[in-house]
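Visitor:
2 protein chains.
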Amino acid sequence: MDPCVREARESDLDRILQLIVDLASYEKSAHEVKTTTKQLRTALFGPQPAAYALVAEWDKQVVGLALYFRNFSTWEGVHGLYLEDLYVMGEYRGFGLGKALLMSLAELTLERGYARLEWAVLDWNQPAIDFYRSIGAVPMDEWTVYRLSGAALAAAAATPVTS
Amino acid sequence: MDPCVREARESDLDRILQLIVDLASYEKSAHEVKTTTKQLRTALFGPQPAAYALVAEWDKQVVGLALYFRNFSTWEGVHGLYLEDLYVMGEYRGFGLGKALLMSLAELTLERGYARLEWAVLDWNQPAIDFYRSIGAVPMDEWTVYRLSGAALAAAAATPVTS
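Order-wise, the sequence lines are chains A and B. Going left to right, the first sequence walks through residues 397 to 559 as the numbering used here numbers them. Going left to right, the second sequence walks through residues 397 to 559 as the numbering used here numbers them.
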């Protein structure tokens, strides 16, 4: 059985949400997923898509997901792709589906003339890190992402700009 | 003189590119900026903008820049804003322009019902880190961004998906 990677369709929505929750569980954060099928439909298939998805099939079942969006490099002057979620269901790992999803995304990046493909990895996820290094991905070791959300975001938003 | 933060206009393009190069110099990477004014015009003011910019003025001169784009949270089901470049020219630092740009972006994030504002910081940029922590931004310490580009991207793209 060969893996099949294709663009996600609207009929995949429930399954995609399930894969998002499964991935969050693996990251010990399933309780943090608040996304509804309706929100996901708007994001992926609405008039102005916020994100895009490839799915991997095995035996006609969707068992893997690569959810991504476009970012922008001020140094290169062109887009890149940012892979937000890459996930393959536990019992289907080891058959090359994750690799197939990532390689398909690399192909898409290059086809469109974009400069780079990026994604974030949890520092304790050694099997993933080993795989990413093996294909030549470079860790942005010097950089840390900062996040403003919740009460701190609201407080910042309420700060007068002139002072 | 109060700082003024406003949306970037097409007439700001040359100045915006200069600020991008200045920031890259500060990050010891000016030689890596390949972006042209034309690319930047398409990205910021084309029919399908890839990115957006706020500028800070001092004495009617553009001296600061916040360049950002929309990302997407699969856990929240909504957009966030990702601040790609935040920069204020050296001689105009200390007057609150950087803070005014960031707070304006926080306001925009909240107004649109987005979940969060994120950005990456160089680990040796302690003044910036201190400032970001002081407003309640949280470092995503457990995560590292991996990047696939150049020859490694081309090799990945050429890998057959079925094997």
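Just so you know, even glycine gets a beta-carbon here, dropped at the ideal spot from N, CA and C.
Using the C-alpha atoms, what's the distance from LEU504 (chain B) back to GLY486 (chain A)?
Guide: Distance between the alpha carbons of GLY486 (chain A) and LEU504 (chain B): 40 Å.
Visitor: I'd like to know if the region 527–539 of chain B and the region 534–543 of chain A are in contact, where contact means that at least 3 CB-CB pairs between them fall below 8 Å.
Guide: With a cut-off of 8 Å, the region 534–543 of chain A and the region 527–539 of chain B count as touching, because enough Cβ pairs lie within range.
Visitor: I need the boundaries of the beta strand (DSSP E) containing ASP519 (chain B), first residue and last residue.
Guide: Run containing ASP519 (chain B): none; DSSP gives neither H nor E here.
Visitor: Using a Cβ cut-off of 7 Å, pull out every chain A residue sitting near PHE468 (chain B), in sequence order please.
Guide: Near PHE468 (chain B) (Cβ distances below 7 Å), the residues of chain A are ALA439, ALA446, ALA447, PHE465 and GLU480.
Visitor: When the distance is taken between beta carbons, is GLY460 (chain A) closer than 9 Å to TYR488 (chain A)?
Guide: Closer than 9 Å, so yes.
Visitor: Identify every residue that forms a DSSP beta bridge with TYR478 (chain B).
Guide: Paired residues: B:PHE465 and B:GLU514.
Visitor: Is the beta carbon of GLU480 (chain A) less than 9 Å from the beta carbon of LEU463 (chain A)?
Guide: Cβ distance < 9 Å, so GLU480 (chain A) and LEU463 (chain A) count as in contact.
Visitor: Give me the Cβ distance between ARG529 (chain B) and ALA446 (chain A), rounded to the nearest whole Å; I'm assuming they're in contact under 8 Å.
Guide: Contact doesn't hold; Cβ gap of about 29 Å is too wide.
Visitor: Quick one: Cα of ALA554 (chain A) to Cα of LEU497 (chain B), how far?
Guide: Between ALA554 (chain A) and LEU497 (chain B), the C-alpha separation is close to 13 Å.
Visitor: Which of helix, strand or coil does DSSP assign to SER530 (chain B)?
Guide: SER530 (chain B) falls in the helix class under three-state DSSP.
Visitor: Within a Cβ cutoff of 7 Å, which residues of the same chain sit near LEU549 (chain B), ignoring the five residues on either side of it in sequence?
Guide: Cβ within range, chain order: n/a, list empty.
Visitor: My output table needs one value for ARG437 (chain A): the three-state DSSP class, helix, strand or coil.
Guide: It is helical.
Visitor: Any beta carbon of chain A sitting closer than 9 Å to that of SER500 (chain B)?
Guide: Yes, SER500 (chain B) counts as interfacial toward chain A.
Visitor: Check SER602 (chain A) in the structure and name its three-state DSSP category.
Guide: For chain A, the structure presents residues 397 to 559; residue 602 (chain A) sits outside this window and is missing.
Visitor: Which residue comes first and which comes last in the alpha helix (DSSP H) that contains TYR422 (chain A)?
Guide: First-last of the alpha helix (DSSP H) with TYR422 (chain A): 409–422.
Visitor: What distance in whole Å lies between the Cβ atoms of ILE416 (chain B) and ALA429 (chain B), which are believed to be in contact at a cut-off of 8 Å?
Guide: One detail in the question is off: residue 429 (chain B) reads as Val in this sequence, not Ala. Contact flag correct, Cβ pair sits at about 6 Å.
Visitor: In this structure, does DSSP put GLU453 (chain B) in helix, strand or coil?
Guide: GLU453 (chain B): strand per DSSP, three-state reduction.
Visitor: By the criterion of Cβ-Cβ separation under 9 Å, what are the contact partners of TRP454 (chain A) in chain B?
Guide: Within 9 Å Cβ-Cβ: nothing; TRP454 (chain A) doesn't reach chain B, min ~12 Å.
Visitor: From GLU472 (chain A) to LYS495 (chain B), what distance separates their C-alpha atoms?
Guide: Rounded to whole angstroms, GLU472 (chain A) to LYS495 (chain B) spans 26 Å at the Cα level.
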